[in-house]
Structures are given as C-alpha cells and as structure tokens.
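Position one of the sequence shown corresponds to residue 10 (the numbering used here), numbered consecutively onward.
For glycine and all other residues, C-beta sits at the position ideal for the given N, C-alpha and C.
Predicted model, so just to flag it, every value in this text is computed and none were measured.
Take a look at the structure below.
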Amino acid sequence: MKIELIENKVYFNNGFEKKEIHPFWLRERIDGDKYLDKGTQQRLFDPTFLNKSISINKAKINDKYLEIDFNDGVNSKLDINKISSEFSKEDVVIKSIKKIKWDSSLKKIKNFEYQENFFESKEMYDLLVSFYSFGFVIIKNIPTSKNYIVEFANSIGSVRRTNFGEYFDVKSKPNPNDLAYTSLALAPHTDNPYRNPVPCIQLLHCIESKVSGGLSTLVDGYTVTEDFKNQYPKFYKILTEVKVRFKFIDKKVILETMAPLIELNDDKSFKQVRFSPRLDYVPILDKEELDLYYNARKKLSEMYNSNKYRIEFKLEPKDLIMMDNYRLLHGRTAYETKEGERFLQGCYIDYDSTEGKLRHLKRIFNF
Ligand SMILES: O=C(O)CCC(=O)C(=O)O
Ligand SMILES: [Fe+2]
Numbered sequence: 010m011k012i013e014l015i016e017n018k019v020y021f022n023n024g025f026e027k028k029e030i031h032p033f034w035l036r037e038r039i040d041g042d043k044y045l046d047k048g049t050q051q052r053l054f055d056p057t058f059l060n061k062s063i064s065i066n067k068a069k070i071n072d073k074y075l076e077i078d079f080n081d082g083v084n085s086k087l088d089i090n091k092i093s094s095e096f097s098k099e100d101v102v103i104k105s106i107k108k109i110k111w112d113s114s115l116k117k118i119k120n121f122e123y124q125e126n127f128f129e130s131k132e133m134y135d136l137l138v139s140f141y142s143f144g145f146v147i148i149k150n151i152p153t154s155k156n157y158i159v160e161f162a163n164s165i166g167s168v169r170r171t172n173f174g175e176y177f178d179v180k181s182k183p184n185p186n187d188l189a190y191t192s193l194a195l196a197p198h199t200d201n202p203y204r205n206p207v208p209c210i211q212l213l214h215c216i217e218s219k220v221s222g223g224l225s226t227l228v229d230g231y232t233v234t235e236d237f238k239n240q241y242p243k244f245y246k247i248l249t250e251v252k253v254r255f256k257f258i259d260k261k262v263i264l265e266t267m268a269p270l271i272e273l274n275d276d277k278s279f280k281q282v283r284f285s286p287r288l289d290y291v292p293i294l295d296k297e298e299l300d301l302y303y304n305a306r307k308k309l310s311e312m313y314n315s316n317k318y319r320i321e322f323k324l325e326p327k328d329l330i331m332m333d334n335y336r337l338l339h340g341r342t343a344y345e346t347k348e349g350e351r352f353l354q355g356c357y358i359d360y361d362s363t364e365g366k367l368r369h370l371k372r373i374f375n376f
C-alpha cells in the first residue's frame, strides 16, 4: 500500500487501483499533542463539529510523514504507517490468523506451560495465535487453589458472569440443573446456545480426576461445517436459514433465543455453530421444509458425533483447556463416580478478552 500525491490530493495505491483519500478522513486523523491525548490516544476535538467542507491547501510527503495544511488553518504531520494500517476494512490482527481445519487425525498440538509473568509473555502471545488457529489450547500446570480459574480468566480479560455464577463446578451432584453435573456421557455440544449473546470462549480447568473415564472430547465445528456445505448444500442452506428456539429453564430464570444451527457472517463466511439437541425447538414450518430441516440436522449430528472428526483426551489435574464456543463442540465420555472424584471448574470469557490481549501483546513485542 502506497500513499501518493497529485496536486494536493492524497491517493492510496494498493498495487491494483489508486483511490483518492477523502480530506475529511485525513483531517479526523491529525496527530500531535494539541489534538490527541498522549496517554489514551483519544481525540481532544470532536470531528462531528468540524466544517464538512474540509479540503487540503497543501500536502507533501516527508520521509515517513504526510504533512498537510488543511483549509481550516490546521496543519499536521500524519504518520504514513499509522494511517496505512487503517486501510483494511477487517481487523488485521485477528483476521490475519488463518483458521486451521482439523479432524480426528490431529496429532500433537503444542501444549502451553503456565509460568511466571505468563500473561505478559511471548508464550501468551503464541498461545493466543494457536487458539485462533485451532479453536482451542491446553495449558498445563495451572494452580488449582482458590478457584484460580477466575484469576486466570481475569488476567486475559474479564470473566463473563452468567446465572451459573462467575465460575461453575463441574462434578456429579444431586438434583443437577444441567446434565453436565452428572456422570453421564455428553455428546458434542456448544455451551449455552440459549443466551444472547452466547458466551464466546469456555475455560475448563481440571482440579481432580481419579476416574478412568470422563475423557474430554472436541470437534472442530468449522471443519464439519465446511464439509457439510460441500457434501450437502441443501442441508447446509436450510440450517443457515432456519432460526431455532433454544431454551433453558431454571428456578429463577428462563433463557431463550432464536438462532440458526449454523450462523454466517454478512459475507457468508463461517461465524458460529450452535448445537445442543436437548434444548432446541424448531418453529412450526411447512411440512416439506421441516422434513428437509430434520434430515439436515440428523446428518449434521451424525457428522458431529462421528469418529472422523472427534478427538479424545484426558485432562489431568492442573490442565486448563480454553476453547472457542462459536467454533468448537465439546463433550465428555461417561465415568463412574464409584472410582473416585472428577472435578472441573468452568467459566466463560468473550472475544474482547482474547482480542484485546493479543493486540496488546503484539504491541509490546513490536510484531
Ligand atoms: O465434564 C466435562 O468434561 C464437560 C462438561 C461440559 O460440557 C461443560 O461444563 O460445559
Ligand atoms: Fe458444555
């Protein structure tokens, strides 16, 4: 991307096309202590109060800077690198990390090791890149005392509290309000599809595991969705279109939202999967449409539950898994409470936590 000047007009050239940059766009971005707060980098002026007819009297390029005299008497030097970083319409930091599709053939992926100064470390940066690539990471050696999971979550960003509390204890209990709190197997599912918005990232921290079963399972919803789209385009279409009611009923709350099983971004790219067939209620549609919907859901469920896509592993005490609840499905195999205790703690964070941390680490390591 290059900045070019022709008769006091500023252009950007991306190698394919050259386009004029609106003078107001540049005027909004003026630099200097008079115009920007040093610490926060927030504007000390309100661009909505400026005269609309801003134009450029004179512009020149001086090394890394674009020097402009605007017609309202303001003169400023703009850092060319800084303004060029804004030319992309996407978030370049997060979107530049390519999702890596995986299935049951996924072999060793790097585990991360908790250590001193972890949250400001290069290890943390690598962890987040791996998280955005694969949709999950496992971190070893996390302290298990005093609900440390909450401190862990709050050191990346902020815990997303829900009606289950700041964190929840996953163990077999009497009168459970969710099947997670039993020793039954849990088929691959996404958590809390009934919330608006759905919690983005789930953390599960293993405190105790004295049972032979209770293996953790993961499926890459992104890989399955891509295969499903290629193999069953009609099924894919209906599951991206039909909004299903997801509902959770507890003593003091009824949570409910309407959303498709496969949600796409505006550009039709993958955004999110929701799958929890114990609490989805499709609205009453035409019989033929429902026929297609049920066939599609069945096929998708077969794929989510097949050995082709699922990985299985045992979380050991002090292991913490962080997974993308918009991309991955998780579950567990059954276990025997007679054998001993199995105890995990869970909580949620949202994407602003991981995105904010990643941008910050990129800044401090100057990547
Ligand atoms: O017990 C497990 O391993 C997972 C339980 C679960 O699905 C959850 O807590 O969301
Ligand atoms: Fe779950």
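For residue i, count neighbouring C-beta atoms within 10 Å of its own C-beta (all shown protein chains included) and say buried if the count is 16 or more, exposed if not.
i, result
"F376", "exposed"
"R287", "exposed"
"R170", "exposed"
"S285", "buried"
"Q354", "buried"
"V220", "buried"
"K366", "buried"
"L212", "buried"
"A162", "buried"
"P185", "exposed"
"P202", "buried"
"I92", "buried"
"F79", "buried"
"Q281", "buried"
"P208", "buried"
"Y302", "buried"
"R38", "buried"
"S105", "exposed"
"V262", "exposed"
"G144", "buried"
Examine ligand 2 and report whether any of its heavy atoms sits within less than 7 angstroms of the Cβ of residue i.
i, result
"A189", "yes"
"D88", "no"
"L369", "A small correction: the amino acid at residue 369 is His; Leu does not occupy that position in the sequence shown. Not so, every heavy atom of ligand 2 lies at least 7 angstroms from the Cβ."
"D229", "no"
"D200", "yes"
Hey, could you find the ends of the alpha helix (DSSP H) residue i is sitting in?
i, result
"G230", "230 to 240"
"F128", "Where F128 is concerned, there is no enclosing alpha helix (DSSP H), given that its DSSP letter is neither H nor E."
"R319", "Taken as a continuous stretch (DSSP letters only), R319 belongs to no alpha helix (DSSP H), being part of the beta strand (DSSP E) at 319 to 322."
"N163", "157 to 165"
"L14", "L14 -> not in any alpha helix (DSSP H); beta strand (DSSP E) instead, spanning 11 to 15."
"V179", "That residue, V179, is in no alpha helix (DSSP H); its beta strand (DSSP E) goes 177 to 179."
Mapping the DSSP letters down to three states, classify residue i as helix, strand or coil.
i, result
"E122", "strand"
"S85", "strand"
"T226", "strand"
"Y313", "helix"
"T249", "helix"
"V138", "helix"
"P197", "strand"
"K27", "strand"
"Y203", "coil"
"F33", "helix"
"T346", "helix"
"Y303", "helix"
"F244", "helix"
"V168", "strand"
"I39", "coil"
"S218", "strand"
Could you spell out where the beta strand (DSSP E) holding residue i opens and where it closes?
i, result
"D55", "Neither: D55 is in no beta strand (DSSP E) and is coded neither H nor E."
"Y74", "74 to 79"
"I147", "145 to 149"
"I188", "For clarity, residue 188 is Leu in the given sequence; the question names Ile instead. L188 -> no beta strand (DSSP E), and no H or E assigned at all."
"R368", "Counting along the chain, R368 falls outside any beta strand (DSSP E), though it belongs to the alpha helix (DSSP H) covering 360 to 373."
"I293", "Unbroken run through I293: none, as it is neither H nor E."
"K457", "For the chain, the structure presents residues 10 to 376; residue 457 sits outside this window and is missing."
"V282", "279 to 282"
"I109", "Here I109 belongs to no beta strand (DSSP E), and DSSP marks it neither H nor E."
"C69", "What sits at residue 69 in the sequence shown is Lys, not Cys. Here the beta strand (DSSP E) through K69 covers 65 to 71."
"G340", "337 to 341"
"L273", "271 to 273"
"T49", "Unbroken run through T49: none, as it is neither H nor E."
"D333", "329 to 333"
Tell me whether residue i counts as near ligand 1, meaning its Cβ is closer than 7 angstroms to at least one heavy atom of that ligand.
i, result
"S225", "yes"
"D328", "no"
"H339", "yes"
"Q211", "yes"
"L193", "no"
"G144", "no"
"V179", "yes"
"L353", "yes"
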